[in-house]
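Student:
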């Protein structure tokens, strides 16, 4: 589950996930960005950023050797119904694999929304959540099985 929900995404994560799931707009996607351990700023600092450009503008670094993962409507499960018994709404991610991962150690994964994967830039990508995912790439596959990445309660 999310360690932080970026302020810009509070109240919007379910909506933006649903837009990708419904292919609206057609080139929208959820983008997973591995974040390096070295230079990682505190969650209390990062929570205020509004774009991926701003997320990576300070000392926080993207781990580019592993690369970003793009999840489209074909990758995402349909949104579940709200959990009325527990008074919450949960959204999950599928299992994702970085094949033969190498490069610097990572500590987190940023989950972001891109409304246009064909023409947008990092200044257009909205960070949604970020959670702990400590890994040291060794050339082996790294598999992420987070399940619930967001819970509104």
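In the working numbering, the protein residues as written are 126 to 278. Glycine included, every Cβ here is placed at the ideal spot set by N, Cα and C. Treat the numbers as computed from the prediction; the structure is a model and nothing was measured.
#1: In three-state terms, what does DSSP make of residue 146?
#2: Residue 126 to residue 277, Cα distance in whole Å?
#3: Classify residue 273: buried if its beta carbon has 16 or more other beta carbons within 10 angstroms, exposed otherwise.
#4: So, do the segment 253-266 and the segment 223-236 have three or more beta carbon pairs nearer to each other than 8 Å?
#5: Starting from the Cα of residue 142, find the closest Cα among 266, 187 and 252 and give me that residue.
#6: Which whole runs of the beta strand (DSSP E) in the segment 187-238 are 3 residues long or more, in chain order?
#7: Below 6 Å CB to CB, which residues in the same chain sit around residue 271 once its five sequence neighbours on both sides are set aside?
#8: Opposite residue 257 in the DSSP bridges: which residues?
#9: So does the segment 154-169 actually touch the segment 179-188, counting three or more Cβ pairs closer than 8 Å?
#10: By how many angstroms is the C-alpha of residue 185 removed from the C-alpha of residue 163?
#11: Quick one: residues in its chain with C-beta nearer than 8 Å to the C-beta of residue 194, no 5 flanking neighbours on either side, listed in chain order?
#12: When you compare the CB positions of residue 139 and residue 204, do they come within less than 8 Å of one another, or not?
#13: Of all the options 198, 190, 265 and 174, which has the alpha carbon lying nearest to the alpha carbon of residue 151?
Tutor: Quick answer:
#1: To locate residue 146, count along the chain shown from 1; it is residue 21. Helix.
#2: Your numbering for residue 126 matches position 1 in the chain shown. Your numbering for residue 277 matches position 152 in the chain shown. Bear in mind that the predicted position of residue 126 carries a pLDDT of just 47, short of 50, making it unreliable; the figure below should be weighed with that in mind. Their backbone Cα atoms lie some 11 Å apart in a straight line.
#3: Start at 1 with the first residue of the chain shown, and residue 273 comes out as number 148. Exposed is the call here.
#4: Taking a cut-off of 8 Å for Cβ pairs, the segment 253-266 and the segment 223-236 touch, as three or more such pairs fall below it.
#5: Within the chain shown, numbered from 1, the residue matching residue 142 stands at position 17. Residue 142 has its Cα closest to that of 252, out of 266, 187 and 252.
#6: 194-196, 214-218 and 221-223
#7: Start at 1 with the first residue of the chain shown, and residue 271 comes out as number 146. Closer than 6 Å at Cβ, skipping near neighbours: 218.
#8: Taking the chain shown and counting its residues from 1, one reaches residue 257 at position 132. In the DSSP output, where bridge partners are listed per residue, residue 257 has 233.
#9: yes
#10: Here residue 163 refers to the residue found at position 38 when the chain shown is read from its first residue. Here residue 185 refers to the residue found at position 60 when the chain shown is read from its first residue. Note on geometry: alpha-carbon atoms of residue 163 and residue 185 lie some 8 Å from one another.
#11: As a working mapping, residue 194 is identified with position 69 in the chain shown. If we look at residue 194 and ignore the five residues flanking it on each side, its Cβ neighbours are 156, 157, 221 and 223.
#12: Walking along the chain shown from the start, residue 139 turns up at place 14. Walking along the chain shown from the start, residue 204 turns up at place 79. Taking 8 Å as the Cβ cut-off, residue 139 and residue 204 qualify as a contacting pair.
#13: Stepping through the chain shown from its first residue, residue 151 is reached at position 26. If we check each option's Cα against that of residue 151, 198 comes out closest.
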